[in-house]
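Mapped onto our numbering, the consecutive letters of the sequence shown carry residue numbers 12 to 500. Quick reminder that beta carbons are idealized off the backbone N, C-alpha and C, glycines included. Remember, it's a predicted structure, so these values are computed and weren't measured experimentally. Here is the structure we will look at, set down as structure tokens.
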Amino acid sequence: MPVEDYDIVIGLESHARLLTETKMFCGCLTRFGAEPNSQTCPVCIGMPGVLPVTNRKAVMLGLRAALAFRCEIPARMRFDRKNYYYPDIPKNYQVSQNYSPVGAGGFVEIEADGVRKRIGLDNIHLEEDAGRLMHPEGSGADYSTVDLNRAGTPLLEIVTRPDMSSLTEVEAYMETLRRTLEALEISDCRMEEGSLRFEASISLKPLGSTTLGKRVEIKNLNSTRAVLNCLEYEIRRQAAALDAGEPLTQETRLYNETTGRSERMRSKEEAHDYRYFPEPDLGPIVVLDEWLDRIRSEMPELPNLRKWRFQEAYSLPAYDAGVLTQKRSIADYFEETIAAAEAMGAEAADLAKQVSNWLMGPILREVNERRVDIAGLNIPPAHLAELVGLIQKGTISKNIAQDLVPIMIETGDPPETIASRRGMIQISDAYAVEKLVSDVLEAHGKQVAEYKDGKKAVLGFLMGQVMRQAKGKANPQVVREILTRTLQS
Ligand SMILES: [Zn+2]
């Protein structure tokens, strides 16, 4: 059967490193790229007898995520021990949340192929990261080393229900999650630094069947590309096995990015029993209503909701709304520009689209070239609003406006001031244009006669002559109007 004859059932677990200065249960720094083992202390290297102290900021970030994703928040939450052995986890357990996580249920709302869908969450929970094993290469390098800088770094694990049924949905989910966590300043989501990592589970069943297929879990996916490539491979592998009547087993696999294939790691029989139990060194945390009220009051609009609001409130195309809401600072700038333009009396129906075009085009080009945040560009929203207004009133042409942008950045002056100081104001005044037109017509009697003989193409030539006389500063629309009227009279 072709792949299309199977229902695809996918769930994702994501680990996001929380944006805290220090670790989950000690005061060690969490900076990326420090000298190995330079950010450690007896607590995070698991010395006997030490006592953990919970990082308040990590708890608040977890609660912020729980509120953003509409999870249920327990009145009291706890930490639990997840017991296992591995050389990068010296305590032989990881402190996590199994019984009363920071958030239960909830959803992430995505848009895939123009359709909105809620991807249900099973839970979100706080935990500490493990250290890292390093395997030196080269001759004689028959050993591995352990770096415990990462051990104890606060993580948020976000576990979905198996609600995704295509790679498009998986991609939209990962993108929405990343944008949301970034916008809420919960995580920087730098995948190249391991700040956002994924694990996937996938099963296939014949279309419409109610019997679930055997679930395969895939560990250690360090980029969205790896997730998509790996799932694409798994769909083909599982479909081929089902077609051939080969039984699939519930198992955990590892994805090899070099070969593009997944390999068996362990079967269900070998699955770990983590023997979870409440962490005896940490008491329960009573979640106060006043914490939640404060977090709610500081919560910005979620990027996806803002995107959909931009589409509806400003009648913007989905593409524009997506670009403008990619960063909170850009979305804020857009709305401040619209507000400033309206305060200046702008009434054009396509005002939002005009502002969007200028923002996505020349302004963001300058932001990217100068590698600054939009707030550091030296063009306050009121100046962009003025620029768009000047074009709409015909005071300056679009070309002149393009030239003005870099000067606005250099000087910090409003566009009208610069344009009048440098003589860039467009001639829209009918009297001035009439004078230019009559001069040109007088000098080109031959072409005027040709026009009157029906050779209308000559209008373009005469337009050009008037624009030349005006040194490019005449308003082309006004010129065309007056020229045609004069020729026809
Ligand atoms: Zn420490």
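- Excluding sequence positions up to five before and after G271, its CB lies within less than 8 Å of the CB of N240 and Y244, all in the same chain and listed in chain order.
- Within its own chain, the residues whose Cβ lies closer than 8 Å to the Cβ of K216, once the five positions on either side in sequence are excluded, are Y17, D18, V20, T222, L223 and G224, listed in chain order.
- A distance below 7 Å separates the beta carbons of D174 and I130.
- When DSSP states are grouped into helix, strand and coil, E24 belongs to the strand group.
- No heavy atom of ligand 1 is found nearer than 6 Å to the CB of V238.
- The criterion of a C-beta distance shorter than 7 Å is satisfied by R75 and L195.
- Y266 sits in a strand when the DSSP states are folded into three classes.
- Relative to the non-hydrogen atoms of ligand 1, the Cβ of V54 comes within a distance shorter than 6 Å of at least one.
- The C-beta distance from T41 to A69 rounds to 10 Å, too long to fall under 8 Å, and the pair is not in contact.
- Between I493 and V444, the C-beta gap is smaller than 7 Å, which places the two residues in contact.
- R247 and S273 have their C-alpha atoms roughly 11 Å apart.
- In the structure shown, M276 adopts extended strand secondary structure according to DSSP, grouped into three states.
- For A252, the uninterrupted alpha helix (DSSP H) run begins and ends at T235 to D254, by DSSP.
- About 10 Å separates the beta carbons of F90 and V113, which is beyond the 8 Å limit, so they are not a contact pair.
- Here DSSP, grouped into helix, strand and coil, assigns V451 to helix.
- The stretch 359 to 432 is shown to contain whole alpha helix (DSSP H) runs of 4 or more residues at 362 to 369, 375 to 381, 392 to 403, 409 to 422 and 426 to 432, in chain order.
- Taking a C-beta distance under 7 Å as the contact criterion, P392 and A360 do not qualify as a contact pair.
- In this structure the stretch 133 to 140 lies against the stretch 163 to 181, because at least three pairs of beta carbons, one per stretch, are closer than 8 Å.
- In the three-state reduction of the DSSP assignment, R491 falls in the helix class.
- Around the beta carbon of E257, fewer than 16 other beta carbons sit within 10 angstroms, so the residue counts as exposed.
- K93 is bridged by DSSP to Q105.
- For M175, there is no enclosing beta strand (DSSP E), since its DSSP letter is neither H nor E.
- Rounded to whole angstroms, V490 and M474 show a C-alpha spacing of 7 Å.
- Counting only the Cα atoms, L335 lies some 41 Å from Q476.
- Spanning the alpha carbons of G73 and I197 requires a straight line of approximately 8 Å.
- A check of alpha carbon separations from G333 across G356, T348, M355 and L370 identifies L370 as the nearest.
- Excluding sequence positions up to five before and after H394, its CB lies within less than 7 Å of the CB of M419, P425 and P426, all in the same chain and listed in chain order.
- For the pair A123 and E203, the CB atoms are not nearer than the 7 Å cut-off.
- In this structure, the alpha-carbon of I341 lies about 44 Å from that of P289.
- P147 is positioned such that its CB atom lies no closer than 7 Å to that of S111.
- Residue pairing by DSSP places F118 opposite G131 in a beta bridge.
- By the beta-carbon neighbour count (other beta carbons within 10 angstroms, threshold 16), K466 is exposed.
- Inter-residue distance for N134 and T260 is about 26 Å (C-alpha atoms, whole angstroms).
- The DSSP-derived three-state label of P165 is strand.
- Counting only runs of 4 or more residues that sit fully inside the stretch 269 to 349, the alpha helix (DSSP H) segments are 300 to 309, 314 to 324 and 329 to 335, in chain order.
- Boundaries for R201: no alpha helix (DSSP H) harbours it, and the DSSP string shows neither H nor E there.
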